[in-house]
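This report concerns only the one structure given below.
In my numbering, the protein residues as written are 219 to 1481.
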């Protein structure tokens, strides 16, 4: 080091004119290239030696840094060194072990930062949250009142406000940050650009002064070319920024950016610069003390952004050329020295594709992503901020450039309350569950994310920062993925699925990302939905707790708190059953083996028709799968289990909220040795109308794949073309009338024999007689079965009947005696009345190859299980069978349902009248075979007659003027098929008038369904992975399937809940175990529910695996007195709702305006972000529901747009895709619905009779 004498500089007054060349190369520059220059006690800053020689004639001294520091202290206004005793935090941020004073807005009264501060005071009473934190006068007043030494501004709001820093200085309060003049210069992005140019740092081409209007920006774009970008002149964080790609976007982008900047920073001034395509965003962390020392703490890569806001930050930047890194580091330090920067700050650059870097701005504050810098350097930046503000130098803090070395790699992910699948729409609400991912190398920074916290719509959507640190970039990414997967945040949507997709992307793993990374990788938005099963089931239980059962309970008998005991059974390998024969020999030889069998074979209907007849089809998969393994082990000789099809398909989704396909797949795994049998309604499949051929074919294909072995197919009209279409193993002839009565002309023995001939020619493997009403008497059974056996000696015959009249056992014995191979039975405790004959009775009489003891055990299980289904128990009203079934011929399931509903309405004495009208209606329609859907058609007409007080002759007289039920009209059109004895005339002509008729098989005239189109429609509406089975369900039951999928998305796999809990919910103190999958279970305990709060809500408290959970639930009954904003209908395209909670900022249309698709309708603001809501279609604004400054919740209806061309609201109803192919009015029907379809004489209601008004209509119609 040169000495003073070596330079031969003359002595002058040390304190008047001093040049000090520092010997510390870490804080200045090697080889004495720069120095500090003081003149008249004023620090001018660092200058190059040559420049200073021009202005300073008498340089005096060369000295080491410590002496330099002392001289600096003496040469400017004395810097007071002090230790703060009390610091006010103007926003939420961490501090040292100093007494802290927090401030909070009225909206943040429950936030953690208020509770954790040593002292906390309210600011901005009566103001909005943002306005409260920007209230400089009140904050300073409060600080002085409570003897605050210093104020730390935190991350946002006032952290870049020079006027706030000046106000602190004026009040003799230390501002922990840069001096006001530096903040003013760096906070103004245009001034910062000028300073950078002065310091020799390259900048992006842009304007020199703030722009006042969009026209100035347009001129800039014309000069430099598009794209350009608007930036807030006095703020950062990605707010107040808009990219403009072409000239006609300038005005709207300027308006939005200005408005957003004004809301976020209190100043809407804009500047505009050329938009750099595909750059990397690199920022350098700097620290400066009061003595002119500057150090950099290396760089961060912040290129993973959306809406110009950072999502993931990495330090140091991966795959960055060392020379380019050093150039940016040097430029950052040079600029900081040039402006005399103090405290913490960030110098930000864009690095283009050619390796050129451009200065863009200085963030004169601590940034959210400072954490990654802390992890790789070991420097606590917040501590450094405070110590520097106390007057300490970087040397005091041991921060010399040569000592700052990055170690390893760090990565920060910002977990935000946003929905990435909805364009990162911010979410707000109550966090119901919060569990963080932790472990070695993981740091969590959060103060407001915890169970019970309210995520406010007033601020940035950041919930928590997760920082991973490891020895290299790859292991750091792995640590982060593990941590994110361990997070559990429920109650608000988060961006965790998106973050995981980013971390798994190969470009990201290779460290080759730029600011276009997200835009160019649409796969980042393909999410595997979180199962979230536990939380969803808790949501179901808490909603039931407050608002009652979600499946209508109708008898008044509660579901018993019992657990049916599964009998013990031999767990050795399963014995072979008839399914093994089928799989080994194929259908043809399978049929031959049945004929070779010497004993009686039984089909057990307990799993379907029995509970359809006795318990309104409400038996759940939960109880079926518990007993299923017992059947597989104890009764392998059963011919089949009739366990699917019929009404179970509809009811499973509509009322039990479970997937019928999953039921089939679950039971198939448990019973691999007994054939599964389903009831297929020919061209109706499992619906209530004829479907296009490709629907039925696809349905059968999927049913076979999922586990069905025997297709029992029937047609309600015995219409052969519909039967042939099924391609079945077992074809059923629907039985009605009495073949033993020689006086009956319709449905004679010859009719059945001729029909059987056609069936055999079509290639059936088994012939079935389906006696759905229990009309087969013993003598009729002998006549029919004997004739069939004589005609078809090699064909297996299967008989199905109901015990409504009480003679089914005798009839089945007669059938077996006459040659039947298989009969349907139900286990004893589920048999009799409208169900099937008793399994035990048939076995004991004919020895059907099963053990009587096992039958008893099986029956005992169901005897107890029936108590779970008390709300649907038919014996509430039906105490025994009734032989009048031979008169009215009402099918078993429909009979019990009609009787039950009559009694539940207090109209039990009118049930006989209902039955008489049913007989009249049947006669008017031509004496149909009454099975779904014809039973429903007869019932609808009977209901119509009751409602309108019509008898048969009167109806015939007035037929041409009456509005008949839609099901009756469609039957007369031929949409169900052709009745065997033709349509009744002239009634058909009177009903149809000028409507179209179909002669022949309906499926021939129906257009094929586009399954791929349906799949896409479902996928757009539901987060669940759409399978083929969902698509085919949607084709048959659009609304039911749609509602079911929506329910499951909200409430999860409710089929896993015990039956009592599903129907009734849990009482206080009740505890249940729920097995989610094999080896994974949870324990739920209901604790209590609170009284009603001011918002009409109750808080429900539960325990999940011993941990407390609580939920706020809207009490629907109590909330009737509360007014609420209407919700958008997702099924109607023109029903435009709020995509996120927020505030209406601007209404851009009025009622009657003609709009095009993408026309801006509403601007809403939330979490410092503005969002333009656009019209989803061309049309006319029918109604504007939004009001200026209105607070809205997600889904609130804002605008209703009417389809301009159609003149009506455009609907995206799921039925629209199929309505052109088959009649929609029949799609939603149920099998048992005489009383539950009363509606204005049209009988077209789609919902069961539940509401009071419908009950009253039914009561009046029957009285």
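Virtual Cβ for every residue (Gly too), placed ideally from N, Cα, C.
| task | Taking 8 Å as the cut-off, decide whether the C-beta atoms of residue 1058 and residue 1070 are in contact. | result | Taking the chain shown and counting its residues from 1, the one referred to as residue 1058 is at position 840. Taking the chain shown and counting its residues from 1, the one referred to as residue 1070 is at position 852. Result yes, Cβ atoms of residue 1058 and residue 1070 sit closer than 8 Å.
| field | For residue 1296, the first and last residue of its enclosing alpha helix (DSSP H) | value | Along the chain shown, one-based indexing puts residue 1296 at 1078. Run containing residue 1296: none; DSSP gives neither H nor E here.
| query | Terminal residues of the continuous beta strand (DSSP E) containing residue 575? | reply | Reading the chain shown from its first residue, position 357 is the one you call residue 575. Boundaries of the beta strand (DSSP E) around residue 575: 575-581.
| said: Which residues does DSSP list as the beta-bridge partners of residue 317? | reply: For this step, residue 317 is matched to residue 99 along the chain shown. DSSP output for residue 317 lists 304 as bridge partner(s).
| With burial defined as no fewer than 16 other Cβ atoms inside 10 Å of the residue's Cβ, what is the status of residue 162: buried or exposed? | Nothing can be reported for residue 162, as the shown portion of the chain is limited to 219 through 1481.
| message | In the DSSP output, what is residue 339 paired with across the bridge? | response | Indexing the chain shown from 1 puts residue 339 at position 121. Residue 339 pairs with 321.
| field | Sequence-distant residues of the same chain with beta carbon closer than 6 Å to residue 185, five excluded per side | value | With the chain covering 219 to 1481 only, the question about residue 185 has no answer from this structure.
| request: Taking 8 Å as the cut-off, decide whether the C-beta atoms of residue 1270 and residue 758 are in contact. | output: Counting from 1 along the chain shown, the entry for residue 1270 is found at position 1052. Counting from 1 along the chain shown, the entry for residue 758 is found at position 540. Yes, Cβ-Cβ distance for residue 1270 and residue 758 is below 8 Å.
| task | Within the same chain, show all residues whose beta-carbon is closer than 7 Å to that of residue 1406, passing over the 5 residues directly before and after it, in chain order. | result | Indexing the chain shown from 1 puts residue 1406 at position 1188. Counting only Cβ-Cβ distances below 7 Å, and skipping sequence neighbours, we find 1362 and 1365.
| Do residue 769 and residue 874 have their C-beta atoms closer together than 8 Å? | Here residue 769 corresponds to residue number 551 of the chain shown, with the count starting at 1. Here residue 874 corresponds to residue number 656 of the chain shown, with the count starting at 1. The answer is yes: Cβ separation under 8 Å.
| Delimiting residues of the beta strand (DSSP E) encompassing residue 492 | On the chain shown, residue 492 is found 274 positions in, with the first residue counted as 1. Start and end: 488-492.
| Looking only at its own chain, which residues have a Cβ that is under 7 Å from the Cβ of residue 1139, when we skip the five neighbours before and after it? | Counting from 1 along the chain shown, the entry for residue 1139 is found at position 921. Taken in chain order, the residues that qualify are 1156, 1159, 1160 and 1163.
| task | Could you tell me which residues DSSP puts in a beta bridge with residue 1362? | result | To locate residue 1362, count along the chain shown from 1; it is residue 1144. Paired residue(s): 1382.
| query | With distances taken between CB atoms, is the gap from residue 883 to residue 817 smaller than 8 Å? | reply | The count along the chain shown starts at 1 and reaches residue 883 at position 665. The count along the chain shown starts at 1 and reaches residue 817 at position 599. Their beta carbons are not under 8 Å apart, which means residue 883 does not touch residue 817 by this criterion.
| query | Which value, in whole angstroms, describes the spacing of the CA atoms of residue 335 and residue 306? | reply | As a first step, residue 335 is located in the chain shown; it is residue number 117 there, counting from the start. As a first step, residue 306 is located in the chain shown; it is residue number 88 there, counting from the start. Those two C-alpha atoms are separated by around 9 Å.
| task | Going by CA-CA distance only, name the one from 304, 316, 350 and 1368 that's closest to residue 326. | result | Against the chain shown, residue 326 aligns to sequence position 108. For residue 326, the closest alpha carbon among the candidates 304, 316, 350 and 1368 is that of 350.
| query | Is residue 986 helix, strand or coil by DSSP? | reply | Residue numbering aside, residue 986 sits at position 768 when the chain shown is read from its first letter. Note: residue 986 maps to strand in three-state DSSP.
| field | Local Cβ density within 10 Å of residue 702, reported as buried at 16 or more and exposed below that | value | In the chain shown, counting from the first residue as 1, residue 702 sits at position 484. Residue 702 is buried by the Cβ-count criterion.
| request: On the DSSP bridge assignment, give the partners of residue 862 in chain order. | output: By one-based count along the chain shown, residue 862 stands at place 644. Answer is 896.
| field | alpha helix (DSSP H) runs wholly inside the stretch 1203-1243, at least 4 long, in chain order | value | Whole alpha helix (DSSP H) segments, 4+ residues: 1205-1210 and 1229-1239.
| task | Measure how close the beta-carbons of residue 389 and residue 357 come, nearest whole angstrom, since I'm counting them as under 8 Å. | result | Indexing the chain shown from 1 puts residue 389 at position 171. Indexing the chain shown from 1 puts residue 357 at position 139. In fact, because the Cβ distance is near 10 Å, the residues do not count as touching under 8 Å.
| For the stretch 543-556 against the stretch 506-515, are there 3 or more C-beta pairs whose distance is under 8 Å? | yes
| query | Nearest-angstrom Cα distance between residue 707 and residue 664? | reply | Stepping through the chain shown from its first residue, residue 707 is reached at position 489. Stepping through the chain shown from its first residue, residue 664 is reached at position 446. Rounded to the nearest angstrom, the two C-alpha atoms are 13 Å apart.
| field | Distance between residue 1390 and residue 1378 (C-alpha atoms, nearest Å) | value | Locating residue 1378 in the chain shown gives position 1160, counting from the first residue. Locating residue 1390 in the chain shown gives position 1172, counting from the first residue. Cα to Cα, residue 1378 sits roughly 6 Å from residue 1390.
| request: Report buried or exposed for residue 1225, applying the criterion of at least 16 other Cβ atoms within 10 angstroms of its Cβ. | output: As a working mapping, residue 1225 is identified with position 1007 in the chain shown. Answer is exposed; the Cβ neighbour count stays below 16.
| message | One question on the structure: do residue 1250 and residue 754 come within less than 8 Å of each other, judged by their Cβ atoms? | response | Along the chain shown, read from residue 1 onward, the residue named residue 1250 stands at position 1032. Along the chain shown, read from residue 1 onward, the residue named residue 754 stands at position 536. No. Outside cutoff.
| Alpha-carbon to alpha-carbon, residue 1041 and residue 982 | What you label residue 982 is simply residue 764 of the chain shown in a count that begins at 1. What you label residue 1041 is simply residue 823 of the chain shown in a count that begins at 1. Straight-line Cα distance between these residues: approximately 18 Å.
| Per-residue burial, residue 734 [other beta carbons within 10 Å of its own, 16 or more giving buried] | Counting from 1 along the chain shown, the entry for residue 734 is found at position 516. Per the 10 Å Cβ criterion, exposed.
| said: Could you check whether residue 383 and residue 302 sit closer than 8 Å to each other, using their CB atoms as the reference points? | reply: Position 84 of the chain shown, counting from 1, holds the residue named residue 302. Position 165 of the chain shown, counting from 1, holds the residue named residue 383. Taking 8 Å as the Cβ cut-off, residue 302 and residue 383 do not qualify as a contacting pair.
| request: May I ask you to report which of helix, strand or coil DSSP gives residue 386? | output: Translated into positions along the chain shown, residue 386 becomes position 168. Residue 386 falls in the helix class under three-state DSSP.
| message | Using only the alpha-carbon positions, how far apart do residue 632 and residue 1324 sit? | response | Position 414 of the chain shown, counted from the start, is the residue given in the question as residue 632. Position 1106 of the chain shown, counted from the start, is the residue given in the question as residue 1324. Cα-Cα distance, rounded: 30 Å.
| task | Report yes if the CB atom of residue 1566 is closer than 8 Å to the CB atom of residue 1421, and no otherwise. | result | Nothing can be reported for residue 1566, as the shown portion of the chain is limited to 219 through 1481.
| field | Backbone CA spacing between residue 1280 and residue 1248 [nearest angstrom] | value | Stepping through the chain shown from its first residue, residue 1280 is reached at position 1062. Stepping through the chain shown from its first residue, residue 1248 is reached at position 1030. So the alpha carbons of these two residues sit roughly 23 Å apart.
| task | Please name the residue in 1178, 1072 and 435 whose C-alpha comes closest to that of residue 492. | result | Position 274 of the chain shown, counted from the start, is the residue given in the question as residue 492. Closest by alpha carbon: 435.
| message | Just verifying my parser: in three-state terms, what is the DSSP assignment at residue 950? | response | Against the chain shown, residue 950 aligns to sequence position 732. Note: residue 950 maps to strand in three-state DSSP.
| message | With distance defined between alpha-carbon atoms, name the residue in 640, 686 and 1146 nearest to residue 657. | response | By 1-based counting over the chain shown, the position of residue 657 is 439. The shortest Cα separation from residue 657 among 640, 686 and 1146 belongs to 686.
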